[in-house]
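Sequential numbering of the sequence shown, starting at 4, is according to my numbering.
No residue lacks a Cβ here, since even glycine has one placed at the ideal position from N, Cα and C.
Quick caveat, the model's predicted, so the values are computed rather than measured.
Report on the following structure.
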Amino acid sequence: MGGYTLAQIGAFIGFVPLLNVLLPIKAAQIDSEIASLVLSQAAMWGAAAAGLSHLITGLLSDSTRSRWGRRRPWILVGGVLTTLSYVGVYWADTPGRLIAAIVAFQVAFNVMFAPLVTVYADRVPDRQKGVVSAFLGVAYPIANLFAALVIAVALSGAAERYWVVGLTVAVLTAPFAIFGLRETAAPAPRPPIRLSRSFSALADRDFRIVFGSRVLVQTAMALNNLYLLFYLQQDADVASRLPSMRPEAVMGLLIAGATATGLTCGFIGGVWSDRVGNRRLFVAVGAVGLAVGAAVMAITPAWPGPLVGQLIYGLGSGLFATTDNALVAQALPKRENIGRDLGIMNIAITVPQILAPALGILLITTLDWSLSALFGVAAVSALAGGLVVLAARRSL
Numbered sequence: 004m005g006g007y008t009l010a011q012i013g014a015f016i017g018f019v020p021l022l023n024v025l026l027p028i029k030a031a032q033i034d035s036e037i038a039s040l041v042l043s044q045a046a047m048w049g050a051a052a053a054g055l056s057h058l059i060t061g062l063l064s065d066s067t068r069s070r071w072g073r074r075r076p077w078i079l080v081g082g083v084l085t086t087l088s089y090v091g092v093y094w095a096d097t098p099g100r101l102i103a104a105i106v107a108f109q110v111a112f113n114v115m116f117a118p119l120v121t122v123y124a125d126r127v128p129d130r131q132k133g134v135v136s137a138f139l140g141v142a143y144p145i146a147n148l149f150a151a152l153v154i155a156v157a158l159s160g161a162a163e164r165y166w167v168v169g170l171t172v173a174v175l176t177a178p179f180a181i182f183g184l185r186e187t188a189a190p191a192p193r194p195p196i197r198l199s200r201s202f203s204a205l206a207d208r209d210f211r212i213v214f215g216s217r218v219l220v221q222t223a224m225a226l227n228n229l230y231l232l233f234y235l236q237q238d239a240d241v242a243s244r245l246p247s248m249r250p251e252a253v254m255g256l257l258i259a260g261a262t263a264t265g266l267t268c269g270f271i272g273g274v275w276s277d278r279v280g281n282r283r284l285f286v287a288v289g290a291v292g293l294a295v296g297a298a299v300m301a302i303t304p305a306w307p308g309p310l311v312g313q314l315i316y317g318l319g320s321g322l323f324a325t326t327d328n329a330l331v332a333q334a335l336p337k338r339e340n341i342g343r344d345l346g347i348m349n350i351a352i353t354v355p356q357i358l359a360p361a362l363g364i365l366l367i368t369t370l371d372w373s374l375s376a377l378f379g380v381a382a383v384s385a386l387a388g389g390l391v392v393l394a395a396r397r398s399l
């Protein structure tokens with residue numbers, strides 16, 4: 004479990020610092036006047052590429068038969084491509100090149116990430132999914148801490164930020180893929196890839212409910228991740244309220260605080276959900292906590308409103324992330340199609356990555372809404388997601 008947890012942490016470090024810290028900074032460097040638009044477009048097209056890449060790689064890894072296993076070859080190739088893709092993002096100097104670089108990164112990253120995620124559903128029995136998910140749940144918070152304290156605060160040079168991210172990803176993921184992964188024997192015949200059946204999991208009612216809930220809550224999380232820096236610069240005006248700190252450093256400290264609360268709440272919630280058995284209730288409570296945090300951000304942008312909002316948001320997002328992962332793995336209809344069905348469920352994360360920047364373009368650029376109002380939209384979306392998941396069957 005230790006090696007797999009480190010690999011998951013490495014994978015999350017692969018995208019969290021890039022999308023939450025480095026991409027907004029790069030967008031502002033390219034054109035500060037339209038930074039929100041550039042950021043939204045890069046995130047939107049990148050998310051579309053991520054969803055397609057994740058789904059296709061999941062299908063292909065299910066059908067792979069090799070002396071190195073089903074998942075390992077894809078994890079290793081994707082890891083190499085991911086590390087190389089940071090070079091393109093670093094050198095991008097126009098909006099078009101930045102969008103192309105983010106698309107290339109998302110394709111490469113999901114070639115690695117899709118089979119890595121599948122290992123959890125492959126190997127862990129339902130009765131232990133909450134405990135294991137609690138350990139794996141530290142990946143996102145630790146990646147947030149890495150983004151906040153290392154990339155945003157400790158490092159200031161652009162080049163060193165990128166190579167530190169790339170090196171960390173390689174060091175944490177490669178050992179598990181090469182030495183630690185013990186794959187279960189796959190069925191001898193190679194199952195045919197039938198695109199017509201790729202979305203058959205959506206015929207299952209509980210799968211649809213969990214999918215819909217995840218879309219709504221992840222939309223709220225995507226809005227927070229994507230626009231937090233600009234919110235602090237514009238609505239919270241941290242430059243005048245905290246003049247001794249760079250805005251990205253303030254964001255880093257807020258993320259660190261939210262991560263600390265999320266780690267604690269997520270770990271306790273994951274273990275407890277195994278004992279109670281009603282994971283959907285834990286997911287719903289996490290979504291409500293997330294909604295409350297976003298609402299505080301919307302209503303009180305003046306400092307210390309963002310601090311209070313992010314701490315509450317961290318509690319909710321930590322509980323949601325850990326228990327939702329366990330719920331998803333338990334709701335998969337057929338074990339022989341784990342990679343494919345997890346690829347479909349990953350669309351519930353990809354769609355929000357498209358929807359959030361699209362909402363940003365519509366509400367901020369077109370309708371001239373404030374960033375605080377955007378956090379109000381996030382609160383409503385998270386609350387709706389928490390209510391939707393309660394419709395799943397009681398055994399989940």
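Excluding the 5 residues preceding and the 5 following residue i in the sequence, name in chain order all residues of the same chain whose CB lies nearer than 6 Å to its CB.
i           : result
residue 349 : 57
residue 304 : 238, 239 and 375
residue 182 : none
residue 268 : 318, 321 and 322
residue 392 : 216, 283, 286 and 287
residue 22  : none
residue 49  : 105, 106 and 109
residue 168 : 20
residue 234 : 374
residue 271 : none
With a CB to CB cut of under 7 Å and the five nearest residues on each side skipped, what residues in its chain are close to residue i?
i           : result
residue 395 : 209, 212, 213 and 283
residue 207 : 336
residue 9   : 175 and 179
residue 80  : 114
residue 199 : Interpretation of residue 199 is limited by its pLDDT of 48, a score under 50 that renders its predicted location unreliable; no figure is taken from the coordinates.
Do residue j and residue i come within 7 Å of each other at the CB atom, strictly closer than that value?
i           : j           : result
residue 115 : residue 82  : yes
residue 30  : residue 41  : yes
residue 355 : residue 225 : yes
residue 16  : residue 112 : no
residue 255 : residue 156 : yes
residue 152 : residue 324 : no
residue 359 : residue 294 : no
residue 43  : residue 363 : yes
residue 353 : residue 117 : no
residue 367 : residue 39  : yes
residue 326 : residue 276 : yes
residue 261 : residue 388 : no
residue 401 : residue 345 : With the chain covering only 4 through 399, there is no way to say anything about residue 401.
How many whole angstroms separate the CB atoms of residue i and residue j, which I take to be in contact at a CB cut-off of 8 Å?
i           : j           : result
residue 257 : residue 313 : 4 Å
residue 119 : residue 45  : Not a contact, Cβ separation roughly 24 Å.
residue 146 : residue 227 : The Cβ separation is near 15 Å, so there is no contact.
residue 273 : residue 329 : 7 Å
In the DSSP assignment, the alpha helix (DSSP H) including residue i goes from what residue to what residue?
i           : result
residue 327 : 308–334
residue 23  : Segment: none, residue 23 is in no alpha helix (DSSP H) and carries neither H nor E.
residue 254 : 250–279
residue 396 : Counting along the chain, residue 396 falls outside any alpha helix (DSSP H), and DSSP gives it neither H nor E.
residue 1   : The requested residue 1 does not occur in the structure, where the chain is confined to residues 4 to 399.
residue 80  : 75–94
residue 247 : Unbroken run through residue 247: none, as it is neither H nor E.
residue 176 : 161–178
residue 239 : That residue, residue 239, is in no alpha helix (DSSP H); it is neither H nor E in DSSP.
residue 285 : 282–302
Kindly list the residues whose CB is nearer than 8 Å to the CB of residue i, restricted to its own chain and excluding five residues on each side of it in sequence; keep chain order.
i           : result
residue 103 : 91 and 95
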